[in-house]
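Here's the structure we're looking at; comments come further down.
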């Protein structure tokens, strides 16, 4: 009788150990997948955008240069520069968060406008912050990846 109990305890221990090992492997795989999704965003991006008051290129306005760098720790730096004289108009630091499970959209915090970005094959597109939809002249709101 004691042998039956002892054998049962041994098999139960082995079963629990295997189950724990499998969940550790699954957790490591999920983390690697998350890191891969995050890694595609990491890098420096640049683009020339319409000025802050415009939703497309306005006549006589040279717009602003948008220099964005996204980091592995989900922080970012952003510089707006005047295309007219290259002076820095604004400088921001903050964090970004993913808005979808596929990790194709992010929101830059604490920015209030032009803070919703979507990952595309061509770079990053800035969405309208109110509607979360592309601007009509969406090609004016594209950032090209310059480096990883």
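Numbering (the working numbering), first residue to last: 14 to 161.
Backbone N, C-alpha and C fix where the C-beta goes; we use that ideal spot for every residue, glycine too.
Predicted model, so just to flag it, every value in this text is computed and none were measured.
Put simply, of 55, 92, 88, 53 the residue whose alpha carbon is nearest the alpha carbon of residue 61 is 92. Taking residue 87 as the centre and dropping the five residues before and after it, the same chain places the C-beta of 51, 108, 109, 110 closer than 8 Å to its C-beta, in chain order. For residue 148, no beta strand (DSSP E) encloses it, and the DSSP letter there is neither H nor E. A residue is called buried when at least 16 other Cβ atoms come within 10 angstroms of its Cβ; residue 77 meets this threshold and is buried.
In the structure shown, the three-state DSSP call for residue 84 is coil.
DSSP places residue 72 in the coil class of the three-state scheme, outside both helix and strand. Approximately 16 Å separates the beta-carbon atoms of residue 136 and residue 116; this is outside 8 Å, ruling out the contact. Rounded to the nearest angstrom, the gap between the Cα atoms of residue 120 and residue 84 is 14 Å. Beta-bridge partners assigned by DSSP to residue 77: 62, 95.
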